[in-house]
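The structure appears right after this line, and notes come after that.
Chains as they are written, first to last, in this note's numbering: chain A, 1499 to 1814; chain B, -14 to 235; chain C, 29 to 315.
Listed below in structure tokens is the structure:
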């Protein structure tokens, strides 16, 4: 309950403190991260190619928005569908192999989509990206204004968060965690592990697709990077730094990542170097991310406050 | 009526024949023990029954159908459940969830799989709590599974198998690593299962096996060297030879 | 289609295929022994190329550069394994993997800072410039050299792994680490050696490539994906498989480049996807 209040407060207050476009980007990235975390945090599958679904959805929906003037609902629906279908295709190839191969394959297939986008300049614009993506009106409401679009995206984020919450609290959520904890046992219990992993993959892809469409409409352009491995790495980093062990981790991670990348990249073109360094530092020292650091901090405070001689166990 | 029957079941890993032409029958409702020295192939035999390995040759007839080579995730749905020799649980999940998942898998329909809150399945939660109560872990249902002792984890291991409401229960050394007290508790638990389930038990502790089995099969180097009632096995010279000083003389 | 063009392309494919095999084997060793896909493999490939360039700038000797580049990259590998990967041993493979990803960003950006974001070119050594008349076609000497050199390196790797005691230990480490440590072998030194060896192989592959394709900071990214493809097709630790997969990918890419140049990179991954669809365990792998 407290988490929801905090998030609602953040949604309402954020545009007051931060440029509307950045604020919007934060919620978009949070949706992206939620999708990845179902795979990474809950199922234990490190997918290094989520940009495949993000970018594919952005390109397809963006193309239809630009040349066919489709409405918002159709664009969103297509984004989710493209994300899910591309994830089904990629996932089908990947889940059949064990952990190491899975990771390599998600990356390699991401590269395939990337190079296809890079070369198919007539459709995607190649290196230059696909500019000119409009924001259609919604039921007569004009969402062109930054604040109006922010509200739309924030609303969609809240819906996405609620959906993900339902999923992780459902039997499927538990099954996926069981697969992460002990795959052979989960199988012995009667769960078709490959199929479950594929389901998680498709759901993750759907979320990524939604994020992709919203991204295209935010900046009015689908850049080539949106389908590239750096983007895939970005969302992994954001999820990691937020804390992959909880539902809200990716949300926090999105804040941290977007804030970092926007503020640093404005100053220095070599921002990926800092990202790499941050990656290394987080991996070496802050693996649980912000969520765990927060928990450890409170445990430390509780331990300090406890009377001498009392044993206080740190929560895990 | 035998619930499960193997016909010349064989599993070879390259040059090593782990299970060699094992033919036996398990009567429904009985408690049938499989014993033998380390490396006799007992766990591999179980792995063949539960689909972790596909047999090199031979048949496994369960309830009239040959199930050899069925993948593990379908075995559970046939009504076969198993506990593992090396404790195989879900450490981070709660004890209740460990058992709940076993029960959920066996539901006829998985309605609400991705939508309904997992704690809104009252029948399943009740069944899980019942099973936990039966093995003596009812009080600890909310704890993460990794926070209980080894002995309690062995109880959980058994509970997970029971929660699937199986017809055939395969227990692989349920007393492994247990103290004498804990072993006694486990023996009592397993004895209570007689009649309600068909149980196949792999166990090292001979006195445990002798006291509660209806029939005993003895494996050695992958082959079945003897089978019969506990008395018959106790008197079998070849069995005594295989087990260096394992079985007490009558 | 002119026969000379076809033959040239096939030869190109064999040359790049040998390099792909080299990358695949190096990655296979690291991934097999340490259980982590080395995401820095491509960046280290690029570093090998840039190291070659700098040594030539400083000393003027191609052959010395060719020897020093993999040495330098291999040493960097030792530092990475000791300082980054080993401390994360308890944390798990996922984190070690993420570390290599972070390092790939650092190395790539480091290259841009130290050298230049703009592509550069590197000439082959004078003795290898120009072409050779093969009858059917006139073929660049340097590419022939690369084919031979990469082939020799692959052969050397095979000899090391199959015929030497330490190579056998490494192969055993890929199969069963527990057993290896139970045999009294220092598993940590094995890890360091395997990682360094893999990195050195990436380094020399990069150094060999520089005079063919020039240098740019992102030359490693494509290579990383290709190395993954080779390993996914061949299976971990499968040396022969890596060679076959590497050559297959190289030749397929070259031939496709004749008819459909734009698709020549994407086709590598498409071929991999098609093969995996039919045989999920790869060309030779076991599930």
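Backbone N, C-alpha and C fix where the C-beta goes; we use that ideal spot for every residue, glycine too. Everything numeric in this text was worked out from a predicted model, so none of it was measured.
Just to confirm, is the Cβ distance from residue 116 of chain C to residue 110 of chain C under 8 Å? In the third chain, residue 116 of chain C corresponds to position 88, counting from 1. In the third chain, residue 110 of chain C corresponds to position 82, counting from 1. It is not a contact, given that the beta carbons lie outside the stated cut-off.
At least 3 beta-carbon pairs within less than 8 Å: the stretch 88 to 101 of chain C vs the stretch 227 to 247 of chain C: Result yes; three or more Cβ-Cβ pairs closer than 8 Å.
Bridge-paired residues (DSSP) for residue 166 of chain C: For the purposes of this step, residue 166 of chain C is taken as the residue at position 138 of the third chain. In DSSP, residue 166 of chain C forms a bridge with C:161.
Measure the Cβ-Cβ separation of residue 1553 of chain A and residue 1611 of chain A and say whether it is below 8 Å. Here residue 1553 of chain A corresponds to residue number 55 of the first chain, with the count starting at 1. Here residue 1611 of chain A corresponds to residue number 113 of the first chain, with the count starting at 1. In contact: residue 1553 of chain A and residue 1611 of chain A (Cβ atoms closer than 8 Å).
Checking 8 Å against the spacing of the C-beta atoms, do residue 1575 of chain A and residue 1718 of chain A come in under that value? The sequence position of residue 1575 of chain A within the first chain is 77, counting from 1. The sequence position of residue 1718 of chain A within the first chain is 220, counting from 1. Cβ atoms of residue 1575 of chain A and residue 1718 of chain A: not closer than 8 Å.
Any contact of the stretch 1731 to 1748 of chain A with the stretch 1600 to 1617 of chain A, i.e. 3+ C-beta pairs under 8 Å? The count of Cβ pairs closer than 8 Å, one atom from the stretch 1731 to 1748 of chain A and one from the stretch 1600 to 1617 of chain A, stays below three, leaving the stretches out of contact.
Where DSSP assigns a beta bridge to residue 185 of chain B, which residues make up the other side? Reading the second chain from its first residue, position 200 is the one you call residue 185 of chain B. Beta-bridge pairing links residue 185 of chain B to B:17 and B:155.
Is the stretch 1644 to 1664 of chain A close to the stretch 1672 to 1687 of chain A, with three or more CB pairs under 8 Å? No: the two stretches stay apart, fewer than three of their Cβ pairs being nearer than 8 Å.
Going by beta carbon distance, what residues of the same chain come within less than 8 Å of residue 1594 of chain A, once the five residues before and after it are set aside? Taking the first residue of the first chain as position 1, residue 1594 of chain A is located at position 96. Scanning its chain for C-beta atoms nearer than 8 Å, with the 5 sequence neighbours on each side dropped, one finds around residue 1594 of chain A the residues 1692, in chain order.
Pick helix, strand or coil for residue 244 of chain C, following the three-state DSSP scheme. In the third chain, counting from the first residue as 1, residue 244 of chain C sits at position 216. Coil.
If you draw a straight line from the C-alpha of residue 1810 of chain A to the C-alpha of residue 1792 of chain A, how long is it? By 1-based counting over the first chain, the position of residue 1810 of chain A is 312. By 1-based counting over the first chain, the position of residue 1792 of chain A is 294. Low per-residue confidence applies at residue 1810 of chain A: pLDDT is 48, beneath 50, and the placement is therefore not dependable enough to give any value.
Is the distance from the Cβ of residue 1752 of chain A to the Cβ of residue 1764 of chain A below 8 Å? Against the first chain, residue 1752 of chain A aligns to sequence position 254. Against the first chain, residue 1764 of chain A aligns to sequence position 266. No, the pair does not count as a contact, with Cβ atoms beyond the cut-off.
Three Cβ pairs or more, each shorter than 8 Å: is that satisfied between the stretch 143 to 156 of chain B and the stretch 47 to 66 of chain B? Judged by pairs of C-beta atoms under 8 Å, the stretch 143 to 156 of chain B touches the stretch 47 to 66 of chain B, as three or more such pairs exist.
For residue 1558 of chain A, go through chain C and note every residue whose CB falls closer than 7 Å to its CB, in chain order. As a working note, residue 1558 of chain A is residue 60 in the first chain. Within chain C, no residue comes near residue 1558 of chain A; the closest Cβ sits about 17 Å away, beyond 7 Å.
Alpha carbon of residue 1540 of chain A to alpha carbon of residue 1697 of chain A, nearest angstrom: For the purposes of this step, residue 1540 of chain A is identified with residue 42 of the first chain, where counting begins at 1. For the purposes of this step, residue 1697 of chain A is identified with residue 199 of the first chain, where counting begins at 1. Whole-angstrom Cα-Cα distance: 13 Å.
Given a limit of 9 Å on CB to CB distance, which residues of the stretch 1594 to 1608 of chain A reach chain C? For the stretch 1594 to 1608 of chain A, which is checked against every Cβ of chain C, the residues closer than 9 Å are 1594, 1595, 1596, 1597, 1598, 1599, 1601, 1602, 1603, 1605, 1606, 1607 and 1608.
Quick one: Cα of residue 44 of chain B to Cα of residue 1546 of chain A, how far? The count along the second chain starts at 1 and reaches residue 44 of chain B at position 59. The count along the first chain starts at 1 and reaches residue 1546 of chain A at position 48. Whole-angstrom Cα-Cα distance: 43 Å.
Are the stretch 178 to 191 of chain B and the stretch 86 to 104 of chain B touching by the rule of at least three beta carbon pairs closer than 8 Å? Contact fails: fewer than three Cβ-Cβ distances are below 8 Å.
In chain D, which residues lie with their C-beta within 7 Å of the C-beta of residue 1569 of chain A? Of the chains in the structure shown, none is chain D; the protein chains are A, B and C.
Do residue 1747 of chain A and residue 1778 of chain A have their CB atoms nearer than 8 Å? Translated into positions along the first chain, residue 1747 of chain A becomes position 249. Translated into positions along the first chain, residue 1778 of chain A becomes position 280. Cβ distance not < 8 Å, so residue 1747 of chain A and residue 1778 of chain A don't count as in contact.
N-terminal and C-terminal residue of the beta strand (DSSP E) that residue 43 of chain B is part of: As a working mapping, residue 43 of chain B is identified with position 58 in the second chain. That run of the beta strand (DSSP E) goes 42 to 47.
Skipping 5 residues on each side, what residues in its chain have a beta carbon closer than 6 Å to that of residue 67 of chain C? Numbered from 1 along the third chain, position 39 holds the residue referred to as residue 67 of chain C. Apart from the 5 residues on each side of it in sequence, residue 67 of chain C sits with its Cβ closer than 6 Å to the Cβ of 128, 129 and 132 in its chain, given in chain order.
Sub-8 Å separation of residue 159 of chain C and residue 242 of chain C beta-carbons: Position 131 of the third chain, counted from the start, is the residue given in the question as residue 159 of chain C. Position 214 of the third chain, counted from the start, is the residue given in the question as residue 242 of chain C. No, Cβ-Cβ distance for residue 159 of chain C and residue 242 of chain C is not below 8 Å.
Please name the residues in the stretch 1638 to 1652 of chain A whose beta-carbon is closer than 8 Å to at least one beta-carbon of chain B, in chain order. Listed by position, the residues of the stretch 1638 to 1652 of chain A near chain B (Cβ gap below 8 Å) amount to none.
Cβ of residue 1617 of chain A less than 8 Å from any chain C Cβ? Position 119 of the first chain, counted from the start, is the residue given in the question as residue 1617 of chain A. Judged by the 8 Å Cβ criterion, residue 1617 of chain A is in contact with chain C.
Starting from the Cα of residue 230 of chain C, find the closest Cα among C:303, C:61, C:72 and C:245 and give me that residue. As a first step, residue 230 of chain C is located in the third chain; it is residue number 202 there, counting from the start. Residue 230 of chain C has its Cα closest to that of C:72, out of C:303, C:61, C:72 and C:245.
Can you pull the chain A neighbours of residue 97 of chain B, defined as C-beta to C-beta under 8 Å? Taking the first residue of the second chain as position 1, residue 97 of chain B is located at position 112. Under the 8 Å cutoff, chain A gives 1668 and 1669.
Can you name the start and end residues of the alpha helix (DSSP H) that residue 1611 of chain A belongs to? The residue you call residue 1611 of chain A lines up with position 113 of the first chain. 1597 to 1617 is the extent of the alpha helix (DSSP H) around residue 1611 of chain A.
Whose C-beta lies closer than 7 Å to the C-beta of residue 179 of chain C among residues of the same chain, with five residues either side of it excluded? Position 151 of the third chain holds residue 179 of chain C. Hits under 7 Å: 46.
In chain A, which residues lie less than 7 Å from residue 102 of chain B when you measure between Cβ atoms? Against the second chain, residue 102 of chain B aligns to sequence position 117. Neighbours of residue 102 of chain B in chain A, taken as residues at a C-beta separation under 7 Å, are given in chain order as 1667 and 1668.
What residue does the beta strand (DSSP E) around residue 67 of chain B start on, and which one ends it? Walking along the second chain from the start, residue 67 of chain B turns up at place 82. Per DSSP, residue 67 of chain B belongs to the beta strand (DSSP E) from 65 to 68.
Do you know how far the Cα of residue 52 of chain C is from the Cα of residue 274 of chain C? Taking the first residue of the third chain as position 1, residue 274 of chain C is located at position 246. Taking the first residue of the third chain as position 1, residue 52 of chain C is located at position 24. Those two C-alpha atoms are separated by around 7 Å.
Residue-level contact to chain A via CB, residue 86 of chain B, 8 Å cutoff: Here residue 86 of chain B refers to the residue found at position 101 of the second chain. Chain A, which has a Cβ nearer than 8 Å to the Cβ of residue 86 of chain B, makes this yes.
Cβ of residue 114 of chain B within 8 Å of Cβ of residue 136 of chain B? Start at 1 with the first residue of the second chain, and residue 114 of chain B comes out as number 129. Start at 1 with the first residue of the second chain, and residue 136 of chain B comes out as number 151. Result no, Cβ atoms of residue 114 of chain B and residue 136 of chain B do not sit closer than 8 Å.
Test: residue 123 of chain C CB closer than 8 Å to a CB of chain A: Here residue 123 of chain C is taken as the residue at index 95 of the third chain, counted from 1. With 8 Å as the cut-off, residue 123 of chain C counts as an interface residue toward chain A.
To which residues of the same chain is residue 233 of chain B closer than 7 Å at the C-beta, ignoring the five residues directly before and after it? Here residue 233 of chain B is taken as the residue at index 248 of the second chain, counted from 1. Unreliable placement is indicated for residue 233 of chain B, whose pLDDT of 44 sits below 50; the coordinate value is still reported in the next sentence. Within the same chain, no residue comes within 7 Å of residue 233 of chain B by CB-CB distance, once the 5 residues on both sides are set aside.
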